[in-house]
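Chains as they are written, first to last, in this note's numbering: chain A, 687 to 1047; chain B, 687 to 1047. Glycine included, each C-beta is placed from N, C-alpha and C at the ideal position. Single-structure report; data block below.
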């Protein structure tokens, strides 16, 4: 056994080539924010929950702050702490889960703005941190988070006396512009908030695309920043290249992978790449998925396994060193379709992957 | 905006209550290893790739080393580095992806044992690190990783002169004891290795359960350690409790969640819990999933969203503070079935979650 074990830390130039490379284009991300910002006449914030949709909340928020974003949204207080430490004291950091029991010290020490969801949370907040910044989350029909109209009626005057930083609600069907729910939620939100002078916010990416009626004082895009549907014209933000570990040739009749789930019907050249469902590449998309060698697509064969994917590269002229799963030819929404899910899940799943992350600025 | 932002680090007792708690029972894990070890007459290693199947490779390997494991398997060199730093110089750490271009320094400095998959890798290894520990991975029919029989024929004498630490292959269908592929791969492995004095390994968890013929000199369980199928008698290792953010009552006809995908048919009490697909809880399992309040099961309603899940708790006497997704009543395989996948993916997906991790020893 050889020495130098006391090294402890691996110099960055010594990265192995068996891990995949996730490239995150922060310039494209910032351009997406600017284009969404240009679609409205109000303030544009940014949603960076779930570690910036899997791409790194700190790097994403830093790039968006440079582009002009001044308010950020996260899901839970812990995410807000990480963001505050990275961004410094100025941006407003809003927490969708509100003020939960046990969150008080974090909200106070890291200057977080909880979006209060209930009378209970309102009482907890005002009692524990009188005068501390907060927002109000109303339920306009999604029945997931936020105060009900009746609850809000009872609380409204008291809440407004405390001068909330923001009053918001969230649309359930904004990805479908023609869905009747959109107008219904707009009406409900207006009934609950018209005449109030506080900053109002109803729309994320989908709502921005629905038009000015939905914009109010602040929009808060999420998925559109990261290049996903429903912002169809978004710049792609992520590229994911998977290194080839091994190339082999199999004969017709030979099987591949767990459960012998694929059988060669012609002399076939296979590439085994180093990535799998443990890297967030959804196991169920196997039979519908292609990887790409430049402009050429290569079908995945056999089941996606924990650390490995096998690909038919027979039609390529040369054995590839790497194959791409996210690239110009195939974005997060196409990969999502192969798994029967949405681009959001493909993105957030990348967060746990064993990737060499490269940020382009 | 209040002070103390220079604190920078959050004391551990200040954890908020809006994050879920993932409890990992290391004593149960160690007991699973011992029971699998007792089923064979050979050495029992442990597979801790993919960050210990999502549960924390360092904590898992430490517990298994205390139980008696002396060899560990990881997928890529980077995982081996983390393990070496945690475990110290003694255990053998084997890397399934072998010796990739760029891995040489890691393999040397962190005393890793690459499982060479091809003649190319063999040449690279012997040239770059003559005398350094290595193993051989053979393909006995899965066509994913390892040398083909013909390749092995050509290389065998040269390879054995270099005194490999281990010769191994992997079964494609060991979860199905009656599958003809098992005997076929056993025959192929024997043909390639009978008469060789090197330590031989064919079986992971499934192969251990197939019986002594499959055990050779070393077994290397993975999924069984973590409590998953096909080791049906395994001790459950993980518990996952999701905090309730909000309780609300809805009337018949009211809809819930994105796309209005669920409609109440009775007066319904809903709990919104803080966890979603960004925490690795697969979006597609929504319609088939239940959460548990002790022994009582509560159906998930509406779509699983990025950070939130909505649950019908009408039949509970009291409003719950938390609901469980992994518990005595519902293990990783039951959750996997709700998503149409396997327990392995449920486990590895936990690795990226925003959880408060508690290790029970």
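Asked	Found
Range covered by the beta strand (DSSP E) that runs through residue 711 of chain B	706–711
Nearest to residue 870 of chain A (by Cα), restricted to the options A:953, A:777 and A:855	A:855
Residue environment, residue 1018 of chain B, which counts as buried when at least 16 other CB atoms sit within 10 Å	buried
Interface partners of residue 782 of chain B on chain A, CB under 8 Å	993
Residue 849 of chain A vs residue 815 of chain A beta-carbon contact at 8 Å	no
Status (buried if at least 16 other CB within 10 Å, exposed otherwise) for residue 948 of chain A	buried
Three-way DSSP call (helix, strand, coil) for residue 905 of chain A in this model	strand
Test item: CB-CB of residue 1012 of chain B and residue 926 of chain B under 8 Å	yes
Close beta carbons around residue 819 of chain A, own chain, < 7 Å, minus the five adjacent residues each side	799 and 851
Residue 946 of chain B: contacting residues in chain A (beta-carbon distance under 7 Å)	858, 859 and 867
For residue 776 of chain B and residue 985 of chain A, the rounded distance between their alpha carbons	42 Å
Inter-residue Cα distance where the pair is residue 758 of chain A and residue 909 of chain A	14 Å
C-alpha distance - residue 836 of chain B paired with residue 857 of chain B, whole-angstrom precision	19 Å
Contacts of residue 970 of chain A in chain B (Cβ-Cβ under 9 Å)	968, 970, 1025, 1026, 1027 and 1031
Contact set between residue 831 of chain B and chain A, taken where Cβ atoms lie within less than 8 Å	931, 932, 958 and 994
Buried versus exposed, by CB contacts within 10 Å (16 or more), residue 826 of chain A	buried
Contacts of residue 955 of chain A in chain B (Cβ-Cβ under 9 Å)	Those do not exist, as residue 955 of chain A stays about 11 Å from chain B at its closest Cβ, beyond 9 Å.
Residue-level contact to chain B via CB, residue 705 of chain A, 8 Å cutoff	yes
Segments of 4+ residues assigned as alpha helix (DSSP H) that fall wholly inside the region 758–835 of chain A	763–773, 790–795 and 805–814
Pairwise C-alpha distance: residue 866 of chain A and residue 874 of chain A	13 Å
Contacting residues, own chain, Cβ-Cβ under 8 Å from residue 699 of chain A (five flanking each side not counted)	Only weak support exists for where residue 699 of chain A lies, its pLDDT of 35 falling under 50; the value from the coordinates is given anyway. Closer than 8 Å at Cβ, skipping near neighbours: no residue.
Counted within 10 angstroms of its Cβ, other Cβ atoms place residue 888 of chain B as buried (16 or more) or exposed	buried
Pairwise C-alpha distance: residue 778 of chain A and residue 756 of chain A	7 Å
C-beta atoms of residue 965 of chain A and residue 1039 of chain A nearer than 8 Å	yes
Local conformation of residue 1014 of chain A per DSSP, three classes	coil
Exposed unless 16 or more other CB atoms sit within 10 angstroms - verdict on residue 840 of chain A	exposed
Interface flag, residue 743 of chain A vs chain B, CB-CB below 8 Å	no
The region 892–908 of chain A / the region 979–999 of chain A touching (three or more Cβ pairs under 8 Å)	no
Buried or exposed (CB count within 10 angstroms, at least 16 for buried), residue 972 of chain A	buried
Where residue 885 of chain B meets chain A, residues with beta-carbon distance less than 7 Å	None at all; the shortest Cβ gap to chain A is about 17 Å.
Test: residue 892 of chain B CB closer than 8 Å to a CB of chain A	no
Beta-carbon separation (whole angstroms), residue 928 of chain A vs residue 961 of chain A, contact threshold 8 Å	4 Å
Listed by chain order, chain A residues near residue 936 of chain B by CB distance under 8 Å	829
Distance, residue 822 of chain A Cα to residue 788 of chain A Cα	19 Å
Helix, strand or coil at residue 727 of chain A [DSSP, three-state]	coil
C-beta contact flag for residue 1054 of chain B and residue 958 of chain B at 8 Å	Outside the shown range of chain B (687 to 1047) lies residue 1054 of chain B, about which nothing can therefore be said.
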